[in-house]
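Engineer:
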Amino acid sequence: MLHVVHSDTQVENPVISEYNKRQIRSIEKYSFDSGLSIRVWVASPGLSGDYLVSMLGGRTVASVGNNTKCQQGLKAVPLDKIKKEVRKFIAEQKGIKPKETEIVSLIGTRFDESASRNRMMKERGESATDAVEVMADTGDLVLSPIADWEAFDVFGYIGMVRSKKIECYDDFEELVQVYRDAGGGTCMVNSYLANKEADKAPCSARTGCWTCTRVSRDKSAENMIDSEDGKFEWMRPLNDFRNYLAARHFDPSARCWLGRTVNAETGNLSIMPNSYSPTFTKELLGILLTMQVEEEIAASRLGIAPRFTVLTLRQVIAIELLWARYSYQKPFTAVRMYRAVYERGARYRVPDLAAIPKFTEKDIAFRAEVPFCDEDYDNPFNGLRNIEWAAADCEETTLTRSGKLVTRVNTGSEFDIDEEGAELFYEFDLEHALNRITLNDSPASVAHYLIGLGTVQLYKGTESEWDRMLKVSNQVHRLQLQSILHDPHAIIAKLATVREGSFETGQAVLDLV
Numbered sequence: 045m046l047h048v049v050h051s052d053t054q055v056e057n058p059v060i061s062e063y064n065k066r067q068i069r070s071i072e073k074y075s076f077d078s079g080l081s082i083r084v085w086v087a088s089p090g091l092s093g094d095y096l097v098s099m100l101g102g103r104t105v106a107s108v109g110n111n112t113k114c115q116q117g118l119k120a121v122p123l124d125k126i127k128k129e130v131r132k133f134i135a136e137q138k139g140i141k142p143k144e145t146e147i148v149s150l151i152g153t154r155f156d157e158s159a160s161r162n163r164m165m166k167e168r169g170e171s172a173t174d175a176v177e178v179m180a181d182t183g184d185l186v187l188s189p190i191a192d193w194e195a196f197d198v199f200g201y202i203g204m205v206r207s208k209k210i211e212c213y214d215d216f217e218e219l220v221q222v223y224r225d226a227g228g229g230t231c232m233v234n235s236y237l238a239n240k241e242a243d244k245a246p247c248s249a250r251t252g253c254w255t256c257t258r259v260s261r262d263k264s265a266e267n268m269i270d271s272e273d274g275k276f277e278w279m280r281p282l283n284d285f286r287n288y289l290a291a292r293h294f295d296p297s298a299r300c301w302l303g304r305t306v307n308a309e310t311g312n313l314s315i316m317p318n319s320y321s322p323t324f325t326k327e328l329l330g331i332l333l334t335m336q337v338e339e340e341i342a343a344s345r346l347g348i349a350p351r352f353t354v355l356t357l358r359q360v361i362a363i364e365l366l367w368a369r370y371s372y373q374k375p376f377t378a379v380r381m382y383r384a385v386y387e388r389g390a391r392y393r394v395p396d397l398a399a400i401p402k403f404t405e406k407d408i409a410f411r412a413e414v415p416f417c418d419e420d421y422d423n424p425f426n427g428l429r430n431i432e433w434a435a436a437d438c439e440e441t442t443l444t445r446s447g448k449l450v451t452r453v454n455t456g457s458e459f460d461i462d463e464e465g466a467e468l469f470y471e472f473d474l475e476h477a478l479n480r481i482t483l484n485d486s487p488a489s490v491a492h493y494l495i496g497l498g499t500v501q502l503y504k505g506t507e508s509e510w511d512r513m514l515k516v517s518n519q520v521h522r523l524q525l526q527s528i529l530h531d532p533h534a535i536i537a538k539l540a541t542v543r544e545g546s547f548e549t550g551q552a553v554l555d556l557v
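If you read the sequence shown in my numbering, its first letter stands for residue 45, the second for the next number, and so on.
(1) Using beta-carbon positions only, say whether S271 and P375 come within less than 8 Å of one another.
(2) Please confirm if the stretch 90–107 is in contact with the stretch 360–377, defined as three or more CB-CB distances below 8 Å between the two stretches.
(3) In the DSSP assignment, what are the bridge partners of N312?
(4) Give, in chain order, every unbroken run of the alpha helix (DSSP H) that is at least 4 residues long and sits entirely within the stretch 346–432.
(5) With 16 other CB atoms within 10 Å as the buried threshold, where does F76 fall?
(6) Given 8 Å as the limit, is there contact between the stretch 324–341 and the stretch 438–458, that is, 3 or more CB pairs closer than that?
(7) Please list the segments of the beta strand (DSSP E) lying wholly inside the stretch 499–524, counting only runs of 3 or more residues, in order along the chain.
(8) Is it buried or exposed, L237, if we count other Cβ atoms within 10 angstroms and call 16 or more buried?
(9) Quick one: what does DSSP say A242 is sitting in, helix, strand or coil?
(10) Short of 7 Å in beta carbon distance, which residues of its chain neighbour A265, apart from the five on each side in sequence? Order them along the chain.
(11) Buried or exposed, going by whether 16 or more other CB atoms sit within 10 Å of the CB of E405?
(12) Please work out which residues of its chain come closer than 7 Å, Cβ to Cβ, to E339, disregarding the five sequence neighbours upstream and downstream, and give them in chain order.
(13) What are the boundary residues of the beta strand (DSSP E) that includes L474?
(14) Quick one: grab the DSSP three-state call for I147.
(15) Per DSSP, what are the beta-bridge partners of E177 in this structure?
(16) Which value, in whole angstroms, describes the spacing of the CA atoms of A540 and A534?
(17) Would you call the stretch 125–143 in contact with the stretch 305–319, where contact means no fewer than 3 C-beta pairs closer than 8 Å?
(18) Using 10 angstroms around the beta-carbon of K326, count the other beta-carbons present and answer buried if the total reaches 16, otherwise exposed.
(19) Can you give me the C-alpha to C-alpha distance between Q373 and E194, rounded to a whole angstrom?
(20) Got a sec? Which residues, its chain only, sit under 6 Å from Y288 by beta carbon, not counting five neighbours each side?
(21) Sorted by chain position, which residues of the same chain lie with C-beta nearer than 8 Å to D52's C-beta, five sequence neighbours on each side aside?
(22) Ordered along the chain, which non-local residues of its own chain (more than five positions away) have a Cβ less than 8 Å from that of G465?
(23) Since I believe L366 is in contact with L96 (beta carbons under 8 Å), could you give me their beta-carbon distance rounded to a whole number of angstroms?
(24) Identify which residue in L46, V55, N518, H50 has its Cα closest to the Cα of F285.
(25) For A33, which residues in the same chain have their Cβ closer than 7 Å to its Cβ, ignoring the five residues on either side in sequence?
(26) Can you check whether the CB of V220 is closer than 8 Å to the CB of I202?
(27) Which runs of the beta strand (DSSP E) spanning at least 3 residues fall entirely within the stretch 439–467, listed in chain order?
(28) Going by beta carbon distance, what residues of the same chain come within less than 6 Å of F216, once the five residues before and after it are set aside?
(29) Three or more C-beta pairs under 8 Å: does that hold for the stretch 503–520 against the stretch 449–465?
(30) What's the call for K119, buried or exposed, on a 16-neighbour Cβ count within 10 Å?
(31) Note the first and the last residue of the continuous beta strand (DSSP E) segment covering I210.
(32) With DSSP collapsed to three states, give me the class of W85.
(33) Between which two residues does the beta strand (DSSP E) containing H50 stretch?
(34) According to DSSP, is P56 helix, strand or coil?
(35) Do the stretch 469–482 and the stretch 524–534 meet, that is, are 3 or more Cβ pairs less than 8 Å apart?
(36) Is the distance from the Cβ of P296 to the Cβ of I147 below 8 Å?
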């Protein structure tokens with residue numbers, strides 16, 4: 045059996061995403077008609093690796109320049125997970141152990157693609173004729189059939205398929221059109237129909253994630269949007285969002301400056317540019333929800349399915365939970381915004397980019413250290429303990445690996461939000477939740493509420509980390525830091541009283557702020 049593995053980052057250019065889905069259907073049909081035995085596997089990041097959830101939830105920032113962290117979370121990790129599933133499937137079919145299963149992966153990398161790709165392929169020893177072991181710990185073998193091809197070889201092959209000189213699962217007509225659209229209306233494949241070589245590079249447009257900020261401009265998306273027939277104008281909001289994100293990336297006011305790892309000896313935290321700030325992440329969520337609902341309205345008027353979906357309710361609730369974990373917003377801000385946009389007509393727009401100053405990495409170079417902990421910081425109910433359940437004598441507890449007592453929670457192989465549970469919460473439980481937990485309550489109370497519903501599944505073994513982060517979250521709330529997390533100097537001024545009060549006089553910090 046041939047196993048076809050496809051990577052879906054969930055933030056692909058939506059035109060390419062739909063094209064890929066049609067390609068998978070073509071592969072399945074061709075294999076069926078030809079009597080080939082295949083199975084298609086799609087690798088996508090879970091919620092813990094979801095790019096938008098992580099970025100808007102305050103866990104990470106966009107990847108820029110040479111930073112490839114996004115590639116790890118969106119492609120490498122999901123693909124590794126899928127490969128393990130494929131290995132397990134094959135082992136079960138053959139009645140052997142997974143580690144005894146030999147898999148040869150065929151990939152389309154080429155030495156000619158770029159200098160960096162050439163270097164990495166040579167380091168791995170990739171070959172067009174010999175399968176090489178690229179991961180010593182897994183024993184995975186990789187064969188690169190077109191490693192020695194140049195761009196003209198690739199498009200020459202496409203031309204041969206289009207002229208029906210080579211049989212293939214697809215005629216590649218749509219592929220050529222995609223290249224034309226992404227390249228601004230030009231594609232040199234036709235040159236090969238007459239066996240002519242063109243003087244210019246063929247169809248060199250590259251597509252990728254619509255969120256990508258590793259490049260200064262998304263030229264392929266811009267070419268599509270600016271096409272004369274206007275058929276891709278609906279993609280403009282996505283590109284506007286991407287450009288706004290890039291413009292604010294090094295903006296000091298768009299960053300959260302409070303570190304999240306407490307020095308166990310001093311009780312201090314670092315002041316440094318962390319993830320995006322509460323204000324900025326809230327703004328980004330509003331913009332994304334607005335572009336999504338307006339696309340749904342536009343698609344409905346055209347009698348077609350929405351051409352993109354950026355955030356599901358499940359993802360919004362995941363963002364809600366992360367905001368509670370980091371004390372980013374008042375309780376249930378994310379679902380309040382979702383309801384405001386979808387049910388009450390609220391709209392959030394991308395600001396005028398021309399009015400935004402140019403920021404560089406130097407603008408976020410500031411570093412400091414501040415006192416953070418007080419005598420109440422390590423109160424057992426400041427972390428992953430539900431004080432209401434404990435007071436009612438209905439709290440189930442468990443011990444973490446480090447011996448700490450925490451509330452027993454649902455755990456599994458990854459962080460997850462039950463999709464059906466998310467829908468039921470929004471439809472039937474939201475009003476009760478908003479009445480039970482007020483805007484003045486600690487953001488961490490949202491985490492306890494959602495975890496208590498059973499809607500949330502934490503990654504097995506991370507209870508200690510959640511306990512630690514909820515303590516930081518509650519401390520941020522008690523010290524009233526939420527509104528100034530974007531301002532390092534305001535944080536320093538505010539937390540100077542912690543040392544004066546808590547460490548020297550023993551007074552509670554809450555009495556000083």
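Glycine residues also receive a C-beta, built at the ideal position from the N, C-alpha and C atoms.
Structural biologist: Let's see:
(1) Here residue 271 refers to the residue found at position 227 when the sequence shown is read from its first residue. Here residue 375 refers to the residue found at position 331 when the sequence shown is read from its first residue. Going by C-beta atoms, S271 is not nearer than 8 Å to P375.
(2) yes
(3) Residue numbering aside, residue 312 sits at position 268 when the sequence shown is read from its first letter. Beta-bridge pairing links N312 to P415.
(4) 357–369, 377–388
(5) Along the sequence shown, one-based indexing puts residue 76 at 32. F76 is exposed by the Cβ-count criterion.
(6) no
(7) 500–503
(8) Along the sequence shown, read from residue 1 onward, the residue named residue 237 stands at position 193. No answer about L237 holds up, because its pLDDT of 49 lies below 50 and its placement is not dependable.
(9) Working through the sequence shown from its first residue, we reach residue 242 at position 198. Note that A242 scores a pLDDT of 48, beneath 50, so its modelled location is shaky and nothing firm can be said.
(10) Residue 265 sits at position 221 when you count from the first residue of the sequence shown. Around A265: N57, W254, M279, N283.
(11) The sequence position of residue 405 within the sequence shown is 361, counting from 1. With fewer than 16 other Cβ atoms within 10 Å, it is exposed.
(12) Numbered from its first residue, the sequence shown carries residue 339 at position 295. Result list for E339: W278, P350, R351, F352, in chain order.
(13) To locate residue 474, count along the sequence shown from 1; it is residue 430. Element bounds for L474: not the beta strand (DSSP E) but the alpha helix (DSSP H), 474–480.
(14) For the purposes of this step, residue 147 is taken as residue 103 along the sequence shown, with counting starting at 1. Here I147 sits in coil by DSSP.
(15) As a working mapping, residue 177 is identified with position 133 in the sequence shown. DSSP lists L185 as partners of E177.
(16) One-based indexing of the sequence shown puts residue 540 at position 496. One-based indexing of the sequence shown puts residue 534 at position 490. In a straight line, the C-alpha of A540 is about 10 Å away from that of A534.
(17) no
(18) Here the question's residue 326 lines up with position 282 in the sequence shown. Classification of K326: buried, given that the 10 Å Cβ count is 16 or more.
(19) What you label residue 373 is simply residue 329 of the sequence shown in a count that begins at 1. What you label residue 194 is simply residue 150 of the sequence shown in a count that begins at 1. Near 52 Å, if we compare the C-alpha coordinates of E194 and Q373.
(20) Along the sequence shown, one-based indexing puts residue 288 at 244. Taken in chain order, the residues that qualify are V394.
(21) In the sequence shown, the residue the question calls residue 52 occupies position 8. Only S61, N64, V86, A87, S88 meet the Cβ criterion.
(22) Start at 1 with the first residue of the sequence shown, and residue 465 comes out as number 421. Closer than 8 Å at the Cβ level, and outside the excluded window around G465, lie L497, G498, T499.
(23) Here residue 96 corresponds to residue number 52 of the sequence shown, with the count starting at 1. Here residue 366 corresponds to residue number 322 of the sequence shown, with the count starting at 1. Actually they are not in contact, since the Cβ atoms of L96 and L366 sit about 11 Å apart, beyond 8 Å.
(24) Indexing the sequence shown from 1 puts residue 285 at position 241. Closest option to F285, Cα to Cα, is V55.
(25) In the structure displayed, the chain extends from 45 to 557; residue 33 sits before or after that span and is not available.
(26) As a working mapping, residue 202 is identified with position 158 in the sequence shown. As a working mapping, residue 220 is identified with position 176 in the sequence shown. For I202 and V220, yes; Cβs fall inside 8 Å.
(27) 441–443, 449–451
(28) Translated into the one-based positions of the sequence shown, residue 216 becomes position 172. Cβ neighbours of F216 beyond the five flanking positions: I202, V205, R206.
(29) yes
(30) The residue labelled residue 119 in the question sits at position 75 within the sequence shown. Buried is the call here.
(31) Position 166 of the sequence shown holds residue 210. That residue, I210, is in no beta strand (DSSP E); it is neither H nor E in DSSP.
(32) Translated into the one-based positions of the sequence shown, residue 85 becomes position 41. Strand.
(33) Locating residue 50 in the sequence shown gives position 6, counting from the first residue. Start and end: 46–51.
(34) Within the sequence shown, the letter at position 12 stands for residue 56. At residue 56 the sequence reads Glu, which differs from the Pro that was named. E56 falls in the strand class under three-state DSSP.
(35) no
(36) The residue labelled residue 296 in the question sits at position 252 within the sequence shown. The residue labelled residue 147 in the question sits at position 103 within the sequence shown. Contact flag unset, no.
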